[in-house]
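Sequences listed follow chains A and B, in order. Residue 29 in the working numbering is what sits at position 29 of the first sequence, and the numbering runs on without skipping anything. Residue 125 in the working numbering is what sits at position 9 of the second sequence, and the numbering runs on without skipping anything. Single-structure report; data block below.
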Amino acid sequence: QVQLQESGPGLVKPSQTLSLTCNVSGDSISSGGHYWNWIRQHPEKGLEWIGNMYYSGGANTDYNPSLKSRITISVDTSKNQFSLRVTSVTAADTAIYYCTRDGGYWGQGTLVTVSS
Amino acid sequence: DIVLTQTPLSSPVTLGQPASISCRSSQSLVHSDGNTYLNWLHQRPGQPPRLLIYQISNRFSGVPDRFSGSGAETDFTLKISRVEAEDVGVYYCMQATQFPTFGQGTKLEIK
Numbered sequence: 001q002v003q004l005q006e007s008g009p010g011l012v013k014p015s016q017t018l019s020l021t022c023n024v025s026g027d028s029i030s031s032g033g034h035y036w037n038w039i040r041q042h043p044e045k046g047l048e049w050i051g052n053m054y055y056s057g058g059a060n061t062d063y064n065p066s067l068k069s070r071i072t073i074s075v076d077t078s079k080n081q082f083s084l085r086v087t088s089v090t091a092a093d094t095a096i097y098y099c100t101r102d103g104g105y106w107g108q109g110t111l112v113t114v115s116s
Numbered sequence: 117d118i119v120l121t122q123t124p125l126s127s128p129v130t131l132g133q134p135a136s137i138s139c140r141s142s143q144s145l146v147h148s149d150g151n152t153y154l155n156w157l158h159q160r161p162g163q164p165p166r167l168l169i170y171q172i173s174n175r176f177s178g179v180p181d182r183f184s185g186s187g188a189e190t191d192f193t194l195k196i197s198r199v200e201a202e203d204v205g206v207y208y209c210m211q212a213t214q215f216p217t218f219g220q221g222t223k224l225e226i227k
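Structure follows, in structure tokens:
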């Protein structure tokens, strides 16, 4: 069964970089055929797609245009995990961050709070 | 960006009765490959969303057959034939024809 688990610091200071990792089990990212996404949910609010990665001999990424200048999604196939970096964070980046496979399989989510 | 508008935003339903949620898109969701990437998600409090329906009408693995999806182009509907207590929560439509966007959510609650 496919399982995803997010990890990373729960508190980040304003202007710093948020880094999260999604560990995947039950599937191999390097096998290809799937979109590996990061999605976030602001407190008591709706869902926002951050970006995704499609692995086909290498990582191909696509980002939400509104976040593109601050986002990097990368992959480590040796560890079967993919990562998210968000630079220059502000309070508006406070959210639950989810990693998903194609939208069908979701991690439990990790709350990231941006505060000094 | 494609904007998805859901109605109603809140839906009180009696157990055992049907429920219906509408999702309207600001533009056609037919992709250049011919598919329509309109999905429905359900989120219970404190839980991540889970996929119910993909590509308009296909139930995801393990989803009960009381859930069904229909529609085309810009207008889509999720129907629950007989609401059960475990169906409470927020329902989202989501499109992936262009970069993914979500509806604002419909809260289903029991009367």
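All C-beta atoms in this analysis are idealised placements derived from N, C-alpha and C, irrespective of residue type, glycine included.
Return the chain-ordered list of same chain residues with a C-beta closer than 6 angstroms to the C-beta of residue i, the five sequence neighbours on each side being excluded.
i, result
"Ser83(A)", "Thr21, Ser74"
"Ser71(B)", "Since the displayed chain B opens at 117 and closes at 227, residue 71(B) lies outside it and no answer follows."
Consult DSSP for residue i and reduce its assignment to one of helix, strand or coil.
i, result
"Lys195(B)", "strand"
"Ala95(A)", "strand"
"Ile29(A)", "helix"
"Lys223(B)", "strand"
"Ala212(B)", "coil"
"Glu200(B)", "coil"
"Arg70(A)", "helix"
If you measure from the beta carbon of residue i to each beta carbon in chain A, is any gap under 7 angstroms?
i, result
"Pro216(B)", "yes"
"Gly221(B)", "yes"
"Pro164(B)", "yes"
"Phe176(B)", "yes"
"Leu154(B)", "no"
Which same chain residues end up closer than 7 angstroms to residue i when comparing Cβ atoms and leaving out the 5 residues on each side of it in sequence?
i, result
"Asp102(A)", "His34, Tyr35"
"Asp117(B)", "Thr217"
"Gly109(A)", "Glu6, Ile96, Tyr97, Tyr98"
"Asp62(A)", "Gly51, Asn52"
With a cut-off of 7 angstroms, does the C-beta of residue i fall near any C-beta of chain B?
i, result
"Gln81(A)", "no"
"Trp38(A)", "no"
"Gly126(A)", "What is shown of chain A runs 1 to 116, which leaves residue 126(A) out entirely."
"Leu47(A)", "yes"
"Tyr98(A)", "yes"
"Gly32(A)", "no"
Between which two residues does the beta strand (DSSP E) carrying residue i extend?
i, result
"Thr130(B)", "Taken as a continuous stretch (DSSP letters only), Thr130(B) belongs to no beta strand (DSSP E), as it is neither H nor E."
"Gly187(B)", "183-188"
"Arg160(B)", "Taken as a continuous stretch (DSSP letters only), Arg160(B) belongs to no beta strand (DSSP E), as it is neither H nor E."
"Ser141(B)", "135-141"
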